[in-house]
Amino acid sequence: MSKILASQLLDLLGGKENIASIYNCMTRVRVVAKDHSKIDVENIKNLDGVNGVVDDDEFQIILGPGAAEKTRREMEKQIGEIETNGSTPKKKGIKYLLKKIGNIFIPLIPALVASGLINGVVNFAINSGVDTELFWVQVLQFIGGAFFTIIGVLVGFNTAKEFGGTPALGAISGALIFNPALDEMELFGESLVSGRGGLFAVMMSAFLMAILEQQIRKVVPNSLDLIVTSTLTVFIVGLLTVIGLQPLGAVLSEGIIVSINWVLEVGGVFAGAVLAATFLPLVLVGLHHGLTPIHLEFIQDIGYTPIFTILGMAGAGQVGAAVAVFVKTKSKRLKNIIKGTLPVGFLGIGEPLLYGVTLPLGRPFLTACLGAAFGGAYQALMTTGAINIGVSGISLVPLIAEGKYIHYIIGLILGYAGGFLFTYMFGFNEKMVENLDK
Numbered sequence: 001m002s003k004i005l006a007s008q009l010l011d012l013l014g015g016k017e018n019i020a021s022i023y024n025c026m027t028r029v030r031v032v033a034k035d036h037s038k039i040d041v042e043n044i045k046n047l048d049g050v051n052g053v054v055d056d057d058e059f060q061i062i063l064g065p066g067a068a069e070k071t072r073r074e075m076e077k078q079i080g081e082i083e084t085n086g087s088t089p090k091k092k093g094i095k096y097l098l099k100k101i102g103n104i105f106i107p108l109i110p111a112l113v114a115s116g117l118i119n120g121v122v123n124f125a126i127n128s129g130v131d132t133e134l135f136w137v138q139v140l141q142f143i144g145g146a147f148f149t150i151i152g153v154l155v156g157f158n159t160a161k162e163f164g165g166t167p168a169l170g171a172i173s174g175a176l177i178f179n180p181a182l183d184e185m186e187l188f189g190e191s192l193v194s195g196r197g198g199l200f201a202v203m204m205s206a207f208l209m210a211i212l213e214q215q216i217r218k219v220v221p222n223s224l225d226l227i228v229t230s231t232l233t234v235f236i237v238g239l240l241t242v243i244g245l246q247p248l249g250a251v252l253s254e255g256i257i258v259s260i261n262w263v264l265e266v267g268g269v270f271a272g273a274v275l276a277a278t279f280l281p282l283v284l285v286g287l288h289h290g291l292t293p294i295h296l297e298f299i300q301d302i303g304y305t306p307i308f309t310i311l312g313m314a315g316a317g318q319v320g321a322a323v324a325v326f327v328k329t330k331s332k333r334l335k336n337i338i339k340g341t342l343p344v345g346f347l348g349i350g351e352p353l354l355y356g357v358t359l360p361l362g363r364p365f366l367t368a369c370l371g372a373a374f375g376g377a378y379q380a381l382m383t384t385g386a387i388n389i390g391v392s393g394i395s396l397v398p399l400i401a402e403g404k405y406i407h408y409i410i411g412l413i414l415g416y417a418g419g420f421l422f423t424y425m426f427g428f429n430e431k432m433v434e435n436l437d438k
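Its first residue numbered 1, the sequence shown is counted upward by one per residue in the UniProt record's numbering.
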């Protein structure tokens, strides 16, 4: 199936020679085309297996979990060596920045999910009274924590790669920030702290590493490039990282955490409702991965992220809306679509529902957002949080911090109920089914 779909997609994307780059996240194949006008958007939407598309500078094809990975691999096999000398649009601004950050973290999602779920099992067991000295508990803690010992290196690697630098030099940025040897050093009479500035400092350092490397390479003779370019780059950026970028990253990360905590403390249930209700539009354009470093900074700073559970209610609202549509519609085709996408929706992967059901119908997308507000308000009221990130929904239960499992589940049910009630009463009529057939 993935082989056939890959071939069809390549044809409709303007041929393999029109592909500048291709990669995938959990549910989407993401393509940058050399000539965007050659993409046949409407026919791609109508392909079997395609749940929807996001037509932007980076063309996103929503296939669902598992299918996105398999199809991307098959497309790469058929493409072979990608020629990247075609021109691609260069955009700036917040949207551009969030996409870049998302591109840095998307390749890390499988490791985040796997490590997070293993940590969640351990967390649930310990909160249930299991002895922490048991061998299997210690082994699971060891396995679940392994990824986080190198996450800085991987983020630096991906950052340099994303901005056109040598990935291995970017990895050095991560090693610099999290090197335990920093704890033994002093700067201007103050002790340095390993990990200070976190992933924001890593990204800033690796970005500078990539830019400086490109500039130095322009003036260094080819015969000296291997030795001089990399050495000068690491030396200069290494010094700047220790002296300036790490403290600057600390100010940035601490400022973001303090600001979000202030919003949640002052805004309370209202802030939770607004955050949950407005998160789906961010998912809609694929920018939600740009928030990943904020979640990870929260986890590093206080042990959990208080906004992940709130934002996760967006998926709960969608599930409730889809159930309402399933109950009301007479369309067998629509019922079959919902049957296929609802199970993964309960498990916290909502994009198949978003692009296959609520968004094409129109109004259910809005009522799903309204329903999510109820769940988000309750999560904010109960100050729930997650000790790790990945998927949401039912899958997030083991990762809930401070043993607040019941409160999280209640919020989840409120999100389901809100999405269902708003959609059942105001969000759907049978005429909307025609939108799916256009």
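Built from N, CA and C at the ideal position, the CB exists for glycine as well.
For the beta strand (DSSP E) holding GLY52, just list the boundary residues, first then last.
-> Position 52 of the sequence shown, counting from 1, holds the residue named residue 52. That run of the beta strand (DSSP E) goes 52–54.
How big is the Cα-Cα spacing for THR241 and LEU248?
-> Here residue 241 corresponds to residue number 241 of the sequence shown, with the count starting at 1. Here residue 248 corresponds to residue number 248 of the sequence shown, with the count starting at 1. The straight-line gap from Cα to Cα measures roughly 9 angstroms.
What does a CB cutoff of less than 7 angstroms around GLY315 pick up in its chain, not counting 5 residues either side in sequence?
-> Here residue 315 refers to the residue found at position 315 when the sequence shown is read from its first residue. Around GLY315: GLY345, GLY348, GLY350, SER392, GLY393.
Opening and closing residue of the alpha helix (DSSP H) in which ALA273 lies | As a first step, residue 273 is located in the sequence shown; it is residue number 273 there, counting from the start. Start and end: 246–284.
Considering only residues of the same chain and omitting the five flanking positions on each side of ASN85, which have a CB-CB separation below 8 angstroms?
-> Taking the sequence shown and counting its residues from 1, the one referred to as residue 85 is at position 85. Only weak support is given to the placement of ASN85: the predicted model assigns it a pLDDT of 45, under 50, and the question is left unresolved by the model.
What does SER191 pair with, by DSSP beta-bridge criteria?
-> For the purposes of this step, residue 191 is taken as residue 191 along the sequence shown, with counting starting at 1. Paired residue(s): GLU186.
Could you tell me which residues DSSP puts in a beta bridge with VAL29?
-> In the sequence shown, the residue the question calls residue 29 occupies position 29. ASN24, ILE61.
When DSSP labels each residue in this structure, what does ILE109 get in the three-state scheme?
-> Within the sequence shown, numbered from 1, the residue matching residue 109 stands at position 109. Helix at ILE109.
From what residue to what residue does the alpha helix (DSSP H) around TYR378 run?
-> Locating residue 378 in the sequence shown gives position 378, where the first residue counts as 1. Segment 363–381, the alpha helix (DSSP H) holding TYR378.
Three or more beta-carbon pairs under 8 angstroms between the stretch 174–187 and the stretch 219–228, yes or no?
-> no
Secondary structure of ILE400, DSSP reduced to three states = As a working mapping, residue 400 is identified with position 400 in the sequence shown. Correct three-state label for ILE400: strand.
Hey, quick one: how far does the alpha helix (DSSP H) through LEU45 stretch, first residue to last?
-> Taking the sequence shown and counting its residues from 1, the one referred to as residue 45 is at position 45. The amino acid at residue 45 is misidentified as Leu; the sequence shows Lys. Start and end: 41–45.
Within its chain, find whatever has a CB closer than 6 angstroms to the CB of PHE279; leave out the 5 residues flanking it on each side and keep chain order.
-> Taking the sequence shown and counting its residues from 1, the one referred to as residue 279 is at position 279. Within the same chain, PHE279 has close Cβ partners LEU311, ALA314.
Per DSSP, what kind of secondary structure is residue 448 in: helix, strand or coil?
-> As shown, the chain starts at 1 and ends at 438. That puts residue 448 outside it, with no answer to give.
Compare the C-beta of PHE157 with all C-beta atoms of chain D and state if any pair is closer than 8 angstroms.
-> Included in the structure is just one protein chain, with no chain D present.
Length of the line joining the Cα atoms of LYS100 and ASN51 = Taking the sequence shown and counting its residues from 1, the one referred to as residue 100 is at position 100. Taking the sequence shown and counting its residues from 1, the one referred to as residue 51 is at position 51. Taking the straight line joining both Cα atoms gives about 24 angstroms.
Might you give, ordered along the chain, the residues of its own chain that have their beta carbon closer than 8 angstroms to the beta carbon of SER194, omitting 5 neighbours on each side?
-> As a position in the sequence shown, residue 194 is number 194, starting the count at 1. Excluding residues within five positions, the ones whose Cβ falls inside 8 angstroms are ILE177, PHE178, ASN179, PRO180, ALA181, LEU182, ASP183.
8 angstroms Cβ shell around LEU97 - same chain, five flanking residues per side excluded = The residue given as residue 97 occupies position 97 in the sequence shown. Excluding residues within five positions, the ones whose Cβ falls inside 8 angstroms are GLY290.
Is the distance from the Cβ of GLY165 to the Cβ of GLU213 below 8 angstroms?
-> Taking the first residue of the sequence shown as 1, we reach residue 165 at position 165. Taking the first residue of the sequence shown as 1, we reach residue 213 at position 213. Yes, the Cβ-Cβ distance between GLY165 and GLU213 is below 8 angstroms.
What alpha helix (DSSP H) runs, 4 residues minimum, are completely inside the stretch 92–147?
-> 94–105, 109–127, 135–146
Simplified DSSP state of residue 441, which is helix, strand or coil | Outside the displayed range of the chain (1 to 438) lies residue 441, so it cannot be described from this structure.
Output the distance between the C-alpha atoms of ALA201 and LEU112, rounded to the nearest integer angstrom.
-> By 1-based counting over the sequence shown, the position of residue 201 is 201. By 1-based counting over the sequence shown, the position of residue 112 is 112. Each residue's Cα considered, the two are about 20 angstroms apart.
Would GLU297 be called buried (16 or more neighbouring beta carbons within 10 Å of its own) or exposed?
-> Walking along the sequence shown from the start, residue 297 turns up at place 297. Buried, because 16 or more other Cβ atoms sit within 10 Å of the Cβ of GLU297.
Cβ-Cβ separation, ILE257 to residue 439 (assumed contact under 8 angstroms), whole Å | In the structure as shown, the chain starts at 1 and stops at 438, and residue 439 therefore has no counterpart that could be examined.
Please name the residue, chosen from LYS335, PHE163, GLN318, that lies closest to GLU430 on a Cα-to-Cα basis.
-> As a position in the sequence shown, residue 430 is number 430, starting the count at 1. Among LYS335, PHE163, GLN318, the Cα nearest to that of GLU430 belongs to LYS335.
Backbone CA spacing between GLU69 and GLU190 [nearest angstrom] | By 1-based counting over the sequence shown, the position of residue 69 is 69. By 1-based counting over the sequence shown, the position of residue 190 is 190. C-alpha separation (whole angstroms): 47 angstroms.
Look at the alpha carbon of PHE147 and the alpha carbon of GLY427, and state the distance between them as a whole number of angstroms.
-> Taking the first residue of the sequence shown as position 1, residue 147 is located at position 147. Taking the first residue of the sequence shown as position 1, residue 427 is located at position 427. In a straight line, the C-alpha of PHE147 is about 43 angstroms away from that of GLY427.
Name the one or two DSSP bridge partners that THR305 has.
-> Against the sequence shown, residue 305 aligns to sequence position 305. According to DSSP, which records beta bridges pairwise, THR305 is partnered with ALA386.
Hey, out of ALA206, ALA160, GLY116, ASN158, whose CA is closest to LEU142's CA?
-> Taking the first residue of the sequence shown as 1, we reach residue 142 at position 142. In the sequence as displayed, the identity of residue 142 is Phe instead of Leu. Of ALA206, ALA160, GLY116, ASN158, the residue nearest in Cα terms is GLY116.
Would you report the Cα separation of SER87 and VAL220, rounded to the nearest angstrom?
-> Counting from 1 along the sequence shown, the entry for residue 87 is found at position 87. Counting from 1 along the sequence shown, the entry for residue 220 is found at position 220. The predicted model places SER87 with a pLDDT of 46, which falls under 50 and marks its position as unreliable; any figure quoted below should be read in that light. Taking the straight line from one Cα to the other gives about 26 angstroms.
Would you call the stretch 363–373 and the stretch 400–409 touching, i.e. three or more CB-CB distances under 8 angstroms?
-> no
Contact between the stretch 47–65 and the stretch 25–36: three or more CB pairs below 8 angstroms?
-> yes
Straight-line CA distance for LEU10 to GLY66?
-> For the purposes of this step, residue 10 is identified with residue 10 of the sequence shown, where counting begins at 1. For the purposes of this step, residue 66 is identified with residue 66 of the sequence shown, where counting begins at 1. Taking the straight line from one Cα to the other gives about 19 angstroms.
Whose CA, out of TRP136, LEU169, ARG333, GLN138, lies closest to the CA of GLY152?
-> Translated into the one-based positions of the sequence shown, residue 152 becomes position 152. For GLY152, the nearest C-alpha among the options comes from LEU169.
Own chain, CB closer than 6 angstroms to HIS288, minus 5 neighbours either side, in chain order = On the sequence shown, residue 288 is found 288 positions in, with the first residue counted as 1. So the list reads LEU282, once near-sequence residues are dropped.
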